[in-house]
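What follows is a short report on a single structure.
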Amino acid sequence: PTRLVSPDEVLKRRRANSFELATLLASFLIGNGFAACVVSGYATREVVNNDQQRVVCPFVPVEAEESTEEEQPEPPNKYQLRQPPDLRSQYLLNIEEEKVAKVQAEEANRLAAEQEERERLEQPPNDPKRGHRVHAWVAIVLNAPWCYKPGYRETALDPNTGEQVLQPPSAFFLEPSTGFWHEVSSPDYLAIESVWNQHNYYVNKQDPAVGLSAMRWDLAEGRDWEHFLPGEPYELREDSAVPEDQDPLTTDEEIEKEKHLDMPTSWVRSLNVSRTDYEQRFPDGTKVIYFKKTIYERFAPYRNLIGLVRRITTYDTLDYDDPISRWEFYANRDDQLNLVRIEYRTNETEERFDKGRPDCLRSLRHRAAPNNEYELRFFYQYRFDALRTLVYHAEYIQEHYDKRDDRLYYREFHNIPKDPVTKEPSKLTHIIEKFHQHPTKEPVKDIAIRNCYIQDNKIALQFHYGEDCITASTREFVKPPKSEMGEEVPYDPACTSGYVSNPWDPQPTQLDLFLLLKEQLKAEELASHAFRRRVVEIDTMLSERRKQTDSPRLTNSLFDPLRNEEARQQRLAKYEAIKAREEQIKQQQADFLAPYLLRLGNTSKRPPTRAQVMALYRDCTTDLRRFYQRLEEELRNRCDDLITEEQSLKRFLARFQQHFEDAEYEKFIAEGETIERDKHILQMRLENIQDDYRRKAAHLRQTLREDERLRPYFGAELEELPFFTISVLSASPPAAWSASAPLSFRRLSCSMKCVIKASTMAAWREKICISLVAAMPFSTAPNCRKMHGKHSGSFTLLGFAYSHENSSYFSPSSSVCEGWMDGNDWKRWPMGNGRPQQNSRYFRISFLVVAVVGTRLNCSNSRTSADDR
Numbered sequence: 001p002t003r004l005v006s007p008d009e010v011l012k013r014r015r016a017n018s019f020e021l022a023t024l025l026a027s028f029l030i031g032n033g034f035a036a037c038v039v040s041g042y043a044t045r046e047v048v049n050n051d052q053q054r055v056v057c058p059f060v061p062v063e064a065e066e067s068t069e070e071e072q073p074e075p076p077n078k079y080q081l082r083q084p085p086d087l088r089s090q091y092l093l094n095i096e097e098e099k100v101a102k103v104q105a106e107e108a109n110r111l112a113a114e115q116e117e118r119e120r121l122e123q124p125p126n127d128p129k130r131g132h133r134v135h136a137w138v139a140i141v142l143n144a145p146w147c148y149k150p151g152y153r154e155t156a157l158d159p160n161t162g163e164q165v166l167q168p169p170s171a172f173f174l175e176p177s178t179g180f181w182h183e184v185s186s187p188d189y190l191a192i193e194s195v196w197n198q199h200n201y202y203v204n205k206q207d208p209a210v211g212l213s214a215m216r217w218d219l220a221e222g223r224d225w226e227h228f229l230p231g232e233p234y235e236l237r238e239d240s241a242v243p244e245d246q247d248p249l250t251t252d253e254e255i256e257k258e259k260h261l262d263m264p265t266s267w268v269r270s271l272n273v274s275r276t277d278y279e280q281r282f283p284d285g286t287k288v289i290y291f292k293k294t295i296y297e298r299f300a301p302y303r304n305l306i307g308l309v310r311r312i313t314t315y316d317t318l319d320y321d322d323p324i325s326r327w328e329f330y331a332n333r334d335d336q337l338n339l340v341r342i343e344y345r346t347n348e349t350e351e352r353f354d355k356g357r358p359d360c361l362r363s364l365r366h367r368a369a370p371n372n373e374y375e376l377r378f379f380y381q382y383r384f385d386a387l388r389t390l391v392y393h394a395e396y397i398q399e400h401y402d403k404r405d406d407r408l409y410y411r412e413f414h415n416i417p418k419d420p421v422t423k424e425p426s427k428l429t430h431i432i433e434k435f436h437q438h439p440t441k442e443p444v445k446d447i448a449i450r451n452c453y454i455q456d457n458k459i460a461l462q463f464h465y466g467e468d469c470i471t472a473s474t475r476e477f478v479k480p481p482k483s484e485m486g487e488e489v490p491y492d493p494a495c496t497s498g499y500v501s502n503p504w505d506p507q508p509t510q511l512d513l514f515l516l517l518k519e520q521l522k523a524e525e526l527a528s529h530a531f532r533r534r535v536v537e538i539d540t541m542l543s544e545r546r547k548q549t550d551s552p553r554l555t556n557s558l559f560d561p562l563r564n565e566e567a568r569q570q571r572l573a574k575y576e577a578i579k580a581r582e583e584q585i586k587q588q589q590a591d592f593l594a595p596y597l598l599r600l601g602n603t604s605k606r607p608p609t610r611a612q613v614m615a616l617y618r619d620c621t622t623d624l625r626r627f628y629q630r631l632e633e634e635l636r637n638r639c640d641d642l643i644t645e646e647q648s649l650k651r652f653l654a655r656f657q658q659h660f661e662d663a664e665y666e667k668f669i670a671e672g673e674t675i676e677r678d679k680h681i682l683q684m685r686l687e688n689i690q691d692d693y694r695r696k697a698a699h700l701r702q703t704l705r706e707d708e709r710l711r712p713y714f715g716a717e718l719e720e721l722p723f724f725t726i727s728v729l730s731a732s733p734p735a736a737w738s739a740s741a742p743l744s745f746r747r748l749s750c751s752m753k754c755v756i757k758a759s760t761m762a763a764w765r766e767k768i769c770i771s772l773v774a775a776m777p778f779s780t781a782p783n784c785r786k787m788h789g790k791h792s793g794s795f796t797l798l799g800f801a802y803s804h805e806n807s808s809y810f811s812p813s814s815s816v817c818e819g820w821m822d823g824n825d826w827k828r829w830p831m832g833n834g835r836p837q838q839n840s841r842y843f844r845i846s847f848l849v850v851a852v853v854g855t856r857l858n859c860s861n862s863r864t865s866a867d868d869r
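And the structure:
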């Protein structure tokens with residue numbers, strides 16, 4: 001050709017000559033690591049014209065024949081009986097053999113002559129332009145230095161050096177128009193002028209009379225190939241000796257020195273095949289190839305409504321007349337159909353299916369009239385009855401099983417066909433069942449063949465062969481009439497007969513025969529029911545197959561991006577919605593009250609009371625406190641364990657230090673350092689947990705106070721408060737205790753004051769547990785005075801309350817005031833649960849303080865109302 005279009009343009013046009021096709025194929029192969037190059041040379045007329053009518057189709061399926069093992073001759077036995085003498089005339093036998101051999105030779109010569117004449121007639125006419133038809137194809141060079149594809153670089157052991165060396169390069173051809181590969185000795189390719197790849201352009205200098213089979217493919221050999229572009233590729237350059245008086249040149253310098261031509265950079269865009277083009281495969285979605293006596297048709301997926309993707313038809317003549325066989329391949333069928341094979345001469349049709357059908361059907365073979373027989377094969381591994389093959393005819397049904405628990409492997413039903421005129425249903429006449437031998441049963445009691453003669457009212461049994469027996473035991477029953485059958489089966493010893501193959505085996509008793517008869521009658525009834533179910537199943541299956549053939553349906557794969565665009569958009573929309581909701585959840589503040597408000601039900605119809613809201617408030621804060629308490633307790637236990645382990649290790653080392661070697665001692669030292677490091681980490685985590693709890697508890701209380709759902713239930717009197725001054729009090733036991741004055745207080749000589757901001761007070765709302773610590777030592781009581789109802793700044797001290805876990809007002813997270821009280825007077829104080837031990841000298845108490853705004857409360861006497869308290 002005068003010009004070549006780029007490979008990406010070929011993909012767009014989907015039409016090209018041999019040079020453009022070869023360039024495109026070589027580009028894909030080089031991109032995948034193959035040492036491919038484009039070959040320019042001469043080929044035969046059929047290859048140049050892409051005429052394959054003289055080529056045998058390689059896509060015709062070859063049916064796998066069942067392998068039949070040849071019977072091995074038995075070893076000679078000295079006790080074997082001698083054959084009787086042959087009294088026939090050997091002369092007559094030789095004459096007869098000569099006649100047969102002569103007839104066979106004549107038949108072979110006739111067939112050979114016919115085959116030779118057929119091949120002569122099938123040969124194409126002589127080509128006057130043979131050797132002058134220019135063609136391009138692709139050659140893949142094996143053992144090429146620039147090939148990095150695994151499996152295409154062969155090495156061998158050099159006997160001189162003992163090293164692995166690369167084998168001499170060789171090649172094979174790929175035809176771009178067909179995709180077939182050929183050996184270099186193929187008669188379809190005649191000569192080569194030049195080859196080129198991404199590195200260079202090489203001109204063939206070898207004698208064309210040698211032939212392609214003897215051509216050498218070492219492109220670095222200058223006597224065989226001459227490169228056109230300057231400089232050899234890096235992979236093909238060999239180290240050459242450099243004179244001592246010269247400096248060695250680098251590869252770039254060598255190329256610049258040899259440079260005599262500048263080539264433009266590649267203008268080809270990246271080769272990209274879209275999903276649509278890849279699935280379409282052919283310009284119109286259809287391609288027909290004419291092979292020798294075969295037509296090969298290909299279709300793109302979903303090109304037709306029946307799911308046909310390939311069709312191969314073989315004929316008896318070169319003119320494609322008189323079809324012999326046809327194979328139709330399907331894909332994406334809802335009924336899992338993948339192949340239909342039609343034999344025109346025998347009028348036989350076979351359908352094959354993939355796994356996934358509800359009936360586990362594997363293949364369906366139909367033989368038309370006069371036989372009119374159906375053969376169904378199943379995936380027996382997935383059927384409950386382990387049915388492998390089913391042969392259905394109007395007069396009989398044959399079933400073949402595999403790996404059944406009852407060891408049944410064959411069952412056959414004979415019946416009278418249904419009368420199409422009188423509509424009389426089919427009538428069962430004979431049942432045959434065959435069983436494999438059971439390993440634990442005695443052969444004389446293990447049934448091998450069961451024959452149920454329905455019309456003759458008989459049951460015949462044949463048992464398995466016993467050891468060293470040449471005959472099998474048999475038993476025959478004559479069934480009692482149906483009119484005599486009731487709940488109990490009548491038994492007549494005269495209605496049974498049998499044969500025991502081993503005369504030393506005991507004869508069966510009448511009880512054994514009666515039980516055997518009952519068992520066979522039950523088995524016959526079950527087989528009759530199985531026959532009726534099988535007939536219904538076959539009729540339903542064949543009717544369903546006719547519907548699926550008349551109205552086929554196609555399915556789309558879940559991973560098909562071309563036909564799941566709507567579902568893809570829905571998934572993307574769902575993903576975006578989930579992502580937006582997650583972002584919204586991250587941005588918005590956490591709703592701590594949501595799980596607690598569920599207890600109140602529908603608050604829009606029935607607003608909660610103040611007591612319920614306060615209970616929710618306490619539960620929310622208590623849950624946070626308990627969580628951190630459990631976490632802190634767990635960390636403290638682990639820390640205590642580490643401390644105990646560390647102390648034990650220290651005592652152990654101090655006692656047995658002299659008995660250890662240096663390596664063992666270093667190991668124990670490293671273990672101690674690990675324990676110390678873990679203990680330090682746990683202590684740091686404890687400190688971090690305490691700080692984290694204080695921070696989160698404050699944030700939780702503030703969030704709950706500012707929540708719009710709880711805001712109306714807290715008074716507004718604490719919203720804006722000035723700064724407050726709180727005096728710190730200390731308590732000490734008096735010299736003498738009395739019922740009227742259970743406890744006395746006095747001010748510290750140097751009062752301690754703390755300032756609390758109004759915002760913090762607003763977060764606390766009404767009831768505030770002020771955490772104060774009195775650092776007074778336990779000593780004799782100084783002069784004290786009563787402090788009941790004594791105002792201190794803007795707060796009034798109302799009394800004491802015990803701070804424990806189940807307190808209604810106080811959180812154990814707050815620090816509490818340390819007071820003193822004698823253990824004997826403990827019963828005077830209604831402290832609730834958790835009383836201290838007898839003779840305890842200390843317990844924890846805290847002040848209950850109420851903020852007073854604008855009014856001072858006088859709570860020094862008992863007349864104060866409960867609400868004020």
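Under the UniProt record's numbering, the first residue of the sequence shown is numbered 1, with each subsequent residue one higher. All C-beta atoms in this analysis are idealised placements derived from N, C-alpha and C, irrespective of residue type, glycine included. The structure displayed is predicted, hence computed values, not measured ones.
As assigned by DSSP and simplified to three states, the class of residue i
{"i": "R668", "result": "The sequence given here places Phe at residue 668; Arg does not occur at that position. Helix."}
{"i": "L516", "result": "helix"}
{"i": "E442", "result": "coil"}
{"i": "H430", "result": "strand"}
{"i": "residue 888", "result": "This structure cannot settle anything about residue 888, because the visible part of the chain is limited to 1 through 869."}
{"i": "C469", "result": "coil"}
{"i": "L92", "result": "helix"}
{"i": "Y79", "result": "coil"}
{"i": "V47", "result": "helix"}
{"i": "V203", "result": "strand"}
{"i": "C147", "result": "coil"}
{"i": "I295", "result": "strand"}
{"i": "V288", "result": "strand"}
Residue i - partner residues in DSSP beta bridges
{"i": "F463", "result": "I447"}
{"i": "L271", "result": "None; L271 has no bridge partner."}
{"i": "Q398", "result": "V391, E412"}
{"i": "S170", "result": "L142"}
{"i": "G41", "result": "H135, I192"}
{"i": "F477", "result": "I459, T496"}
{"i": "E351", "result": "V340, L364"}
{"i": "Y315", "result": "P323"}
{"i": "T155", "result": "L166"}
{"i": "R377", "result": "S363, T389"}
{"i": "C452", "result": "I431, I459"}
Whole-angstrom C-beta distance between residue j and residue i, which should lie under 8 Å
{"i": "R546", "j": "D334", "result": "Contact flag wrong, Cβ pair sits at about 15 Å."}
{"i": "P480", "j": "V489", "result": "7 Å"}
{"i": "D218", "j": "P169", "result": "5 Å"}
{"i": "T621", "j": "R711", "result": "With 8 Å as the limit, T621 and R711 do not qualify as a contact, their Cβ atoms being about 17 Å apart."}
{"i": "H199", "j": "Y189", "result": "Between Y189 and H199 the Cβ distance is about 23 Å, and since that is not below 8 Å, they are no contact."}
{"i": "L339", "j": "E328", "result": "7 Å"}
Practice prompt. Identify every run of the beta strand (DSSP E) within the segment 479-567, keeping only runs that are complete inside it and at least 3 residues long; order them along the chain.
Written response: 496-499
Item to complete: Take every Cβ of the segment 563-582, pair it with every Cβ of the segment 359-373, and state whether three or more of those distances are shorter than 8 Å.
Response: no
Worksheet item: Enumerated in chain order, which unbroken segments of the beta strand (DSSP E) with a length of 3 residues or greater are wholly contained in the segment 319-347?
Response: 323-330, 337-343
Worksheet item: Is the segment 200-219 close to the segment 130-137, with three or more CB pairs under 8 Å?
Response: no
Practice prompt. Would you be able to state if there are at least three C-beta pairs under 8 Å between the segment 593-609 and the segment 660-675?
Written response: no
Worksheet item: When the Cβ atoms of the segment 288-305 are set against those of the segment 57-64, are three or more pairs found closer than 8 Å?
Response: yes
Discussion item. Check whether the segment 270-288 and the segment 42-49 are in contact - that is, three or more C-beta pairs closer than 8 Å.
Written reply: no
Worksheet item: Should the segment 692-705 be called in touch with the segment 621-641, which here means at least 3 C-beta pairs below 8 Å?
Response: yes
Discussion item. Between the segment 305-317 and the segment 523-533, can you find at least three pairs of beta-carbon atoms closer than 8 Å?
Written reply: no
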